[in-house]
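Report on one structure; see the data block that follows.
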Amino acid sequence: MKKILFIIPCIPYPLTSGGNQAFFHMVDYLRHKMSVSILLYPKGKEKEDVEKLRKIWDNVEFFIFTEQMAEPETRHPSYYKWLKKIALSATRKMRRQLLIHDKDVVRKDMTFTSSIFEPLPSKYAEYISTVSRSGFDIIQVEFYPLISLGYLLPRDVQTIFVHHELRYVRNENEMTFLDKVTDEERMLYRIGKDFEHSALQTYKHVIVLTEVDRQILIDFVGGGEKIYVSPAVVKIADACDKQVVPTAARLTFVGNEGHYPNLDAVVWFCQEIAPCLRSQGFHFTFQVTGPWRSSYMKELQASCPEMELVGYVEDLHSFLNGSIVLVPIRIGSGMRMKILDAVSSKAPFVTTTKGVEGIDFRHEEECLKADTASDFASAIIRLANDENLQIKLANHAIGRLHGLYNPQEMLERRLNIYSKVLNVELNLID
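Everything in the sequence shown is counted per UniProt numbering, starting at 1 for the first residue and increasing by one.
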């Protein structure tokens, strides 16, 4: 069997994010077709998640870089750890004193500064370099924080970068929502864009999730024959058995605070869309899944008391069924797993044009689209007051999802990409 090594910056379990779901379903299929290895860097309690994953994927080889391996050599290890704790504590306290920084949510979480090259821990880089030279046929790197690994990987291996979200496009989106863009921010944007351009060219192949991103990337770096489209996979096996459960007031949002486009979406809803709903006498609950723990969320709940932070949901599809899913996304690129989750839950959804970008769902046929706060609010009210429209959109969407993004076909498409990269026929038959 051909050997493939995946290197990712996060632990792909539990399935609490769209990225985790997409990666998990793909590897769960590929591990029966190829010899799969994964290089991970778990921190703290993430080690427990890795052990759970080991039990699920009993035929996958795990390369685990630990925090202990990252510790530098010191004269007095205990004293060094004590000093490190003091330094981290002082840094947190200093940040709390920066009132402007805390209040400026956009600048606090935008990706300008994290889009330029940042060295990885030296021992982690050495570990990756050693493991990557262990006879793999393909080495695949996922997510932007590790894009610089293209400079490190061996040249005699087929290297692939999976670009889940074009970073410079996201940065451009973020800039449009700043009242004023500083000269420093313009500089950081240009540096980040240049770095992304150079880093992508260190890989022999690039995979994106949508045709929209592929066309943008061809214009950005060229080499269209080496850029492939491989959409994310969401399980829809039981979706047809579900019934559409209409609702008059229950709104839901899927996502976590750690991904800034999600934060922007929730802030936009609470500060601009929710007031439009109230002004029209619409009573609702707005349930937000995932980890949302920052102190800013308490301020946001004060301005939007209809918002409920429900945390991690074990059975997401059952939770979404019987709600109207909102996708007020204004920033980013790639494929919105939250939309595929909504469709797979037989839940109708309202989205922005950006939110559904790259996924071929049509306004009035499979969803409602709106790009201003007032239009978004009107679409919500219209959908909530029309049970037949909810049923129509949800049923049409699941039918189109089956036709366009059948999970088995998406999995086989990825295997076909690997066959093309290796110039060999990989087994498509179970």
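Yeah, the Cβ is synthetic: ideal placement off N, Cα and C, and Gly gets one too.
Where residue i sits in the DSSP three-state scheme
i	result
K3	strand
H163	strand
R133	coil
V157	coil
R250	strand
M307	strand
residue 502	With the chain covering 1 to 430 only, the question about residue 502 has no answer from this structure.
F376	helix
K244	Strictly speaking, residue 244 in this sequence is Val, with Lys absent from that position. Coil at V244, not helix or strand.
E126	helix
I331	coil
L368	strand
I139	strand
L320	helix
I429	Since pLDDT at I429 reaches only 49, below the 50 mark, its modelled position is unreliable, and the value read off the structure follows with that caveat. Here I429 sits in coil by DSSP.
V343	helix
L401	helix
F349	strand
V267	helix
L326	strand
Supposed contact pair residue j and residue i - C-beta distance, whole angstroms, cut 8 Å
i	j	result
V424	K2	7 Å
A70	Y124	6 Å
P9	K235	Contact flag wrong, Cβ pair sits at about 24 Å.
A373	E272	4 Å
I4	V36	6 Å
Chain-order list of residues whose beta-carbon lies under 6 Å from that of residue i (same chain, five-residue window excluded)
i	result
E211	V229
G150	A199, T202 and Y203
V325	T252, A342, A347 and F349
H363	K369
S323	T247, R250, T252 and A347
Y127	F65
Y405	P231
Nearest-angstrom Cα separation, counted from residue j out to residue i
i	j	result
K338	V327	8 Å
R250	K346	14 Å
I116	F195	6 Å
L263	R75	43 Å
K420	R31	18 Å
H101	H402	For H101, the pLDDT reaches just 44, beneath the cut-off of 50, and the residue's location in the model is therefore unreliable, although a value from the coordinates is still provided. In a straight line, the C-alpha of H101 is about 45 Å away from that of H402.
S333	L209	9 Å
M187	E412	42 Å
A232	D386	31 Å
Q301	F286	10 Å
L15	F282	33 Å
D315	G355	23 Å
S279	R293	29 Å
I227	N416	13 Å
E48	V288	26 Å
I147	L39	15 Å
Neighbourhood of residue i by C-beta, 8 Å cutoff - its chain only, sequence neighbours within 5 removed
i	result
R382	L368 and L389
M297	E257 and L309
K277	Checking the sequence, you will find Leu at residue 277 rather than Lys. Excluding residues within five positions, the ones whose Cβ falls inside 8 Å are F284, A377, I380 and I381.
7 Å Cβ shell around residue i - same chain, five flanking residues per side excluded
i	result
K103	At K103 the pLDDT is 47, less than 50, meaning the model places this residue with poor confidence; the figure from the coordinates comes in the next sentence. There are no such residues.
K193	Y168
N173	R330, I331 and G332
N171	T111, F112, S115, Y189 and G192
Residue-level contact to chain C via CB, residue i, 8 Å cutoff
i	result
M297	In the displayed structure, chain C is absent; only one protein chain is listed.
**OP:** Just list the beta strand (DSSP E) runs in the segment 21-81, keeping only unbroken ones of 3 residues or longer that don't cross its boundaries, in chain order.
**Re:** 35-40 and 61-64
Subject >> Segments assigned alpha helix (DSSP H), at least 4 residues, entirely inside the segment 274-301 >> reply: 274-279
Original post:
Which full runs of the beta strand (DSSP E) of 3+ residues lie inside the segment 152-229, going along the chain?
Top reply: 158-163, 205-208 and 227-229
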